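Every position in the sequence shown, counted from 1, becomes a number in the working numbering once 21 is added.
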Amino acid sequence: MTQKSKALSRQALRQHWQHNVDQFRHQLAYQDALPQLTILGLISGVLAAAIIVLFRLAIDLPLGTMLPLNSENFEGLAPHWRFLLVFGGAFVIGLLIQMIDLRHRAISVTHVLDRLHNHQGQMPLTNIVVQFVGATLCLITGQSVGREGPAVHLGAGAASQLGQFFKLPNNSLRTLAGCGVAAAIAASFNTPMAGVIFAMEVVLMEYTITGFIPVILASVSGAAISQAVFGHDNLLFGAEVQMKSLLEIPFMAFAGLVIAACAAIYIKLQHLFQRFHKHSIFARLCVAGFITGLVAIAVPQVMGLGYDTVAQTMNGQLGLKWLLVIIACKLFVTTLSLGLGMPGGVIGPSLFIGACLGGVMSIIGSTLAPDQAANSAFYVALGMAAMMGAVLNAPLAALMTIVELTYNPNIIFPSMLIIVVACFATRQFFHCEGIFQTQLQAAGQDIGGGPAKQILSRVGVRSVMNSAIANCAQKLTHATSLHMLQEQPLWIVVDGDPHYILRAADLAHHLGSLSANNENTPAETEKHDPDGTPIYLDDIPARRLSLDYLHDRANLFEAQVLLANDNIEALCVVKQGTTSPILGIITRDTINNYYRI
Numbered sequence: 022m023t024q025k026s027k028a029l030s031r032q033a034l035r036q037h038w039q040h041n042v043d044q045f046r047h048q049l050a051y052q053d054a055l056p057q058l059t060i061l062g063l064i065s066g067v068l069a070a071a072i073i074v075l076f077r078l079a080i081d082l083p084l085g086t087m088l089p090l091n092s093e094n095f096e097g098l099a100p101h102w103r104f105l106l107v108f109g110g111a112f113v114i115g116l117l118i119q120m121i122d123l124r125h126r127a128i129s130v131t132h133v134l135d136r137l138h139n140h141q142g143q144m145p146l147t148n149i150v151v152q153f154v155g156a157t158l159c160l161i162t163g164q165s166v167g168r169e170g171p172a173v174h175l176g177a178g179a180a181s182q183l184g185q186f187f188k189l190p191n192n193s194l195r196t197l198a199g200c201g202v203a204a205a206i207a208a209s210f211n212t213p214m215a216g217v218i219f220a221m222e223v224v225l226m227e228y229t230i231t232g233f234i235p236v237i238l239a240s241v242s243g244a245a246i247s248q249a250v251f252g253h254d255n256l257l258f259g260a261e262v263q264m265k266s267l268l269e270i271p272f273m274a275f276a277g278l279v280i281a282a283c284a285a286i287y288i289k290l291q292h293l294f295q296r297f298h299k300h301s302i303f304a305r306l307c308v309a310g311f312i313t314g315l316v317a318i319a320v321p322q323v324m325g326l327g328y329d330t331v332a333q334t335m336n337g338q339l340g341l342k343w344l345l346v347i348i349a350c351k352l353f354v355t356t357l358s359l360g361l362g363m364p365g366g367v368i369g370p371s372l373f374i375g376a377c378l379g380g381v382m383s384i385i386g387s388t389l390a391p392d393q394a395a396n397s398a399f400y401v402a403l404g405m406a407a408m409m410g411a412v413l414n415a416p417l418a419a420l421m422t423i424v425e426l427t428y429n430p431n432i433i434f435p436s437m438l439i440i441v442v443a444c445f446a447t448r449q450f451f452h453c454e455g456i457f458q459t460q461l462q463a464a465g466q467d468i469g470g471g472p473a474k475q476i477l478s479r480v481g482v483r484s485v486m487n488s489a490i491a492n493c494a495q496k497l498t499h500a501t502s503l504h505m506l507q508e509q510p511l512w513i514v515v516d517g518d519p520h521y522i523l524r525a526a527d528l529a530h531h532l533g534s535l536s537a538n539n540e541n542t543p544a545e546t547e548k549h550d551p552d553g554t555p556i557y558l559d560d561i562p563a564r565r566l567s568l569d570y571l572h573d574r575a576n577l578f579e580a581q582v583l584l585a586n587d588n589i590e591a592l593c594v595v596k597q598g599t600t601s602p603i604l605g606i607i608t609r610d611t612i613n614n615y616y617r618i
């Protein structure tokens, strides 16, 4: 084969590949693109899980080398080393973030929610890198933050980057982000079902069959990869969690109220500290690190994830007074650190505080009724579920998390009770929304829009645009007009300044009028006038619609936002970054007709 033949063969393969990719993108623009989304869900899940595994190893390996006995044992460090580690870490993190542009500092779950609902799921790579590096440094240096919130950002960001790399329609990026979130939660907790519910309840905020199946597949792949690297065990596996008597129900309801109060404090304190964002990030993080370091000298349990403290609480190794001290200190330093901008997560600390609250309730219950109260592990599990549900305003995600963490169906009934009480009391008695909604409101961001926005965001413009179009100049001949109408377009796009469109039926009606006036048929007109009589489309009777351009990756909600401008009556769908060729036309009637469908 000659060099020329090889070049032609490679070009043909590239064209064939490009055609198939373009067809795949076009299919994704439809709301029912389940096979395509399922494939992407699996790929997104694997990619997100791989990044979460790398994230966890980047934390665990240095801590395993640095700390005595295990990677959780910050208590084994001398007091002065605890202070220096925390404050030094905060100093370095603040210095690094201070050098980053303001728009790239947005991180964690609130950033995911904002980008998903207000920016069509397009997440910047720089923010993902900042989250990875910042959260890793936070957890290595013992800051009082969580790992799961950053994992959500990393998972969603990885899936979003996959979609942006292949230039997939924006409506599919929503589902891909949900797949990344589910895989991240599954890989972090080893809880695949909780990952699915968290993605649908907290992030996507909707339940659809087309969304469920790809998200489930992504979550399963995330859990499988995590188990292959870290094993099958989780935090509460093997714990004896079972209610002893129905007489415990009133006490559990009381425990739910106590946890609701702590959840409200957790949310409101963090909101309070967010008001200091007018100061430089470097100064804020230094203050957070200094105060956390001071507290860690006396109460080292506030450092890091604290899962070793949770295990001690489950085993009843911590007394009532010490648990109360840990809860108070953890509440304060966590809300301070996160409120001042530390790049960590809120989910892990909420589970830690809930576990300690459960330990307190277990001690109180055992004192009041020694023979009736369940063991400490039971109340620790309930406390974790209730605190997570109340803080996140995500009762179903909290329930599934605790069921999968314990592998024990006996926890379902009491968990449902305490979660409902805690979530209800947090919202109705203490007037607190979920912590993510509170953070978004404090930042002036709105992720609302109602059902209409959700419906339109699921559909790409390529699936509803009208591609029966013709493009022509303002001046054309009878012959050109007749030839163009033989293709049976619905719309004619007229080049000029400004651009506009008109219905092909209006041009056909005008030609018919001319033929009737000349008492000639269109064929005779064309035959006897081969050079063509000029027709000026600006002058014929027709309704002309003003135009704007919309890229072919957009969804119907983006189209609706553009059409809300009174000066724009129709949109030309084009390849992103170009103005030609025009792929199709969307009008207000297109969107209204989709609503009726």
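Glycine residues also receive a C-beta, built at the ideal position from the N, C-alpha and C atoms.
On a predicted model such as this, the values are computed, not experimentally measured, just so you know.
Proximity below 9 Å, CB of residue i to CB of residue j
i, j, result
"Val424", "Ile433", "yes"
"Cys377", "Leu326", "no"
"His253", "Ala463", "no"
"Met437", "Ala215", "no"
"Met486", "Ile612", "no"
"Ser165", "Val308", "no"
"Ala284", "Cys453", "yes"
"Pro190", "Arg46", "yes"
"Leu497", "Met505", "yes"
"Ala70", "Ala276", "no"
"Leu477", "Tyr570", "no"
"Ile561", "Leu528", "yes"
"Thr356", "Tyr428", "no"
"Ile80", "Ile161", "yes"
"Val151", "Gly366", "no"
Beta-carbon proximity list for residue i, same chain, < 8 Å, skipping 5 on both sides
i, result
"Arg305", "Gly115, Phe297, His298, Leu361, Gly362"
"Val154", "Leu117"
"Asn588", "Ser567"
"Ala443", "Gly277, Leu278, Ile280, Ala281, Ala284, Ala407, Met408, Gly410, Ala411"
Exposure of residue i, with buried meaning 16 or more beta-carbon neighbours within 10 Å
i, result
"Tyr400", "buried"
"Leu78", "exposed"
"Glu545", "Per-residue confidence for Glu545 stands at a pLDDT of 48, beneath the threshold of 50, marking its modelled position as unreliable; no derived number is given."
"Thr610", "Sequence check: residue 610 is Asp here, not Thr. That one is exposed."
"Glu93", "buried"
"Pro519", "exposed"
"Lys351", "buried"
"Pro551", "Low confidence applies to Pro551: its pLDDT is 44, below 50, so where it sits in the model is not reliable, and the reading given next is rough at best. Classification for Pro551: exposed."
"Ala28", "exposed"
"Thr388", "exposed"
Close-in-space but distant-in-sequence residues of the same chain around residue i (CB under 6 Å, 5 per side omitted)
i, result
"Val202", "Val173, Gly176, Ala177, Ala220, Val224"
"Ser371", "Met408, Met409, Val412"
"Asn492", "Val514"
"Pro89", "Gly97"
"Gly163", "Phe95, Leu106, Val107, Met324, Gly325"
"Ala239", "Gly62, Ser65, Gly66, Cys200, Ala203, Ala204"
"Pro213", "Ala207, Ser240, Val241, Ala244"
"Asp135", "Gln466"
"Ala198", "Leu137, Gly142, Ala177, Ala180, Ser181"
"Gln295", "Gly360, Ala463"
"Arg565", "Tyr521, Leu523"
"Tyr228", "Met221"
DSSP three-state assignment for residue i, whether helix, strand or coil
i, result
"Ser567", "strand"
"His515", "Note that residue 515 is Val in the sequence shown here, rather than His. Note: Val515 maps to strand in three-state DSSP."
"Gly167", "strand"
"Ile456", "helix"
"Asn487", "strand"
"Leu584", "helix"
"Gly178", "helix"
"Tyr557", "strand"
"Leu523", "strand"
"Leu98", "coil"
"Ala473", "helix"
"Ala411", "helix"
"Leu592", "strand"
"Asn41", "helix"
"Asn492", "strand"
"Ile128", "coil"
"Thr330", "helix"
**Q.** the segment 49-68 contacting the segment 234-242, beta-carbon criterion three pairs below 8 Å
**A.** Enough Cβ pairs lie closer than 8 Å, so yes.
(Q) Pairs of beta-carbons, one from the segment 374-383 and one from the segment 401-409, closer than 8 Å: are there three or more? (A) With a cut-off of 8 Å, the segment 401-409 and the segment 374-383 count as touching, because enough Cβ pairs lie within range.
Q) Contact between the segment 475-482 and the segment 180-198: three or more CB pairs below 8 Å? A) Contact between the segment 475-482 and the segment 180-198 is present: three or more C-beta pairs spanning the two stretches fall below 8 Å.
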